[in-house]
Structure formats: structure tokens, C-alpha cells
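In what follows, a single structure is set out as C-alpha cells and then discussed.
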Amino acid sequence: MTLIASCPKQISDIPEHLKKWLYAEGSLTQQLTEFAGGVFKVVPTQEHFQRLTFIDSQWMQMPYQHTAWVRESLLYGCDADAWVKAKSIFPILSLQKRARLFQHIGRQPIGRFLFQRTQPACERRVLFLEDGWTRQSCYIWHGCKFIVQETFLPTFEQFIESKSLK
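Just so you know, the sequence shown maps onto residues 2 to 167 in my numbering.
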């Protein structure tokens, strides 16, 4: 996960129409579903184990040597193109507890379980990555720490702009 070196962006560069989404609290799954008139789907693109990055291990206050299970997905609304590129990072220590269910949810959204009858503690940061404006959330859910990263793709920005013109 690297910032774009050739074109650094500042928080002040965030387009107005994206601020609401980048800083929204609660379930992005629910928010996108409502925005898309009830249409929402998750398409997992990759699931694998990898060592935590130094930055992620510091943020979660976990040892750098720990392995994490990573799930990458594309999130779709009522458009043919993906709106969000999502990446979830679950340290193995978290998967040994209640959060182990996330490793087996398939095409179901993480938000459906994460926000079910609970409002998990969340620390958030917003940055610009190669694919677009991204919010990274470090959640503590039933004592388990993990990161959910959501990058809003240009197709989503175009959809927002087209809706605001109507």
C-alpha cells in the first residue's frame, strides 16, 4: 500500500461529492445498498495469507512478523462497473476468535456481520492510493482487531456526479 509519489494528494483535494462517503460512519454495505436502490453485490477477487505490513502492524499494535488473512473484493451497486475496491486484513490472532467467521463468508459483505447488533470501535484514516480516494478503518469487534480498506473507484465518482445532475 503506497501513496502515489508522482502526484501527492492532500485531504484538501478530496472532491466534495466523495467527502460524505469517505467520512461516513456505520456500514458502507448498507449505505451503498440504499444509494443503489437496494442493489448490492460483493465479488471476491483474491483471498490469501500474507505477513502484515509494517504500517498495518503499527496501526493495530501487533507484531510485524504476524501473518494475516487478506480478502480482496469488488463492491457493486446498480451499475455494471465496480464502485469500490475493498481489502480486509485479519491478523491470524483475530481469526482464532469470533472474527474467524469472516474467513468463510464468501460473497457476503463483511459489513453485514460487522454491524449486526453492534457498533464496533473504529479508527479511520483517509488517503489517496493508486486506485483512488481510500478510507482505511481499524475496527475492534468483540476484542478482535482488523483493517477494512475501501477505495472509491472513478466509476463510483461518475455515478455520484450523474445522480447529482438529475
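Every residue, glycine too, gets a C-beta built ideally from N, C-alpha and C.
These numbers come from a predicted model, not from an experiment.
Practice problem: In the DSSP assignment, find the unbroken alpha helix (DSSP H) run with I93 in it and report its ends. | Solution: For the purposes of this step, residue 93 is taken as the residue at position 92 of the sequence shown. That run of the alpha helix (DSSP H) goes I93 to L96.
Quiz item: Counting Cβ pairs, one atom from each stretch, are 3 or more of them under 8 Å apart for the segment 71-78 and the segment 113-126?
Solution: no
Quiz item: Candidates S165, S13 and F160: which alpha carbon is nearest D80's?
Solution: As a position in the sequence shown, residue 80 is number 79, starting the count at 1. The shortest Cα separation from D80 among S165, S13 and F160 belongs to F160.
Self-check item: Run of the alpha helix (DSSP H) containing Q31, from where it starts to where it stops
Solution: Along the sequence shown, read from residue 1 onward, the residue named residue 31 stands at position 30. Looking at the DSSP string, the run of the alpha helix (DSSP H) that includes Q31 is L29 to F36.
Quiz item: Can you find at least 3 beta carbon pairs, one from the segment 97-109 and one from the segment 134-150, that sit closer than 8 Å?
Solution: yes
Practice problem: Please state whether DSSP places E158 in a helix, a strand or coil. | Solution: Taking the first residue of the sequence shown as 1, we reach residue 158 at position 157. The answer is helix: DSSP assigns E158 an H, G or I state.
Quiz item: Roughly how many angstroms separate the alpha carbons of Q51 and D57, rounded to a whole number?
Solution: Sequence index remark: in the sequence shown, residue 51 carries index 50 (1-based). Sequence index remark: in the sequence shown, residue 57 carries index 56 (1-based). Taking the straight line joining both Cα atoms gives about 12 Å.
Self-check item: Within the segment 84-158, ranges of the alpha helix (DSSP H) (whole runs, at least 4 residues)
Solution: 93-96 and 111-115
Quiz item: Can L130 and T156 be called in contact, C-beta distance under 8 Å?
Solution: Here residue 130 refers to the residue found at position 129 of the sequence shown. Here residue 156 refers to the residue found at position 155 of the sequence shown. Their beta carbons are not under 8 Å apart, which means L130 does not touch T156 by this criterion.
Quiz item: Who are the near neighbours of K42 in its chain, counting only those whose CB is closer than 8 Å to its CB and skipping five residues on each side?
Solution: Here residue 42 is taken as the residue at index 41 of the sequence shown, counted from 1. The answer, listed in chain order, is L76, Y77 and R108.
Quiz item: Below 8 Å between beta carbons: does that hold for P45 and H67?
Solution: By one-based count along the sequence shown, residue 45 stands at place 44. By one-based count along the sequence shown, residue 67 stands at place 66. No, Cβ-Cβ distance for P45 and H67 is not below 8 Å.
Quiz item: Which residues bound the alpha helix (DSSP H) around Q59?
Solution: Residue mapping note: residue 59 aligns to position 58 of the sequence shown, counting from 1. It spans F55 to M61 - the alpha helix (DSSP H) in which Q59 sits, taken as one unbroken run.
Exercise. Look up K10 in the DSSP assignment and say whether it is helix, strand or coil.
Key: Within the sequence shown, numbered from 1, the residue matching residue 10 stands at position 9. The answer is coil: DSSP assigns K10 none of H, G, I, E or B.
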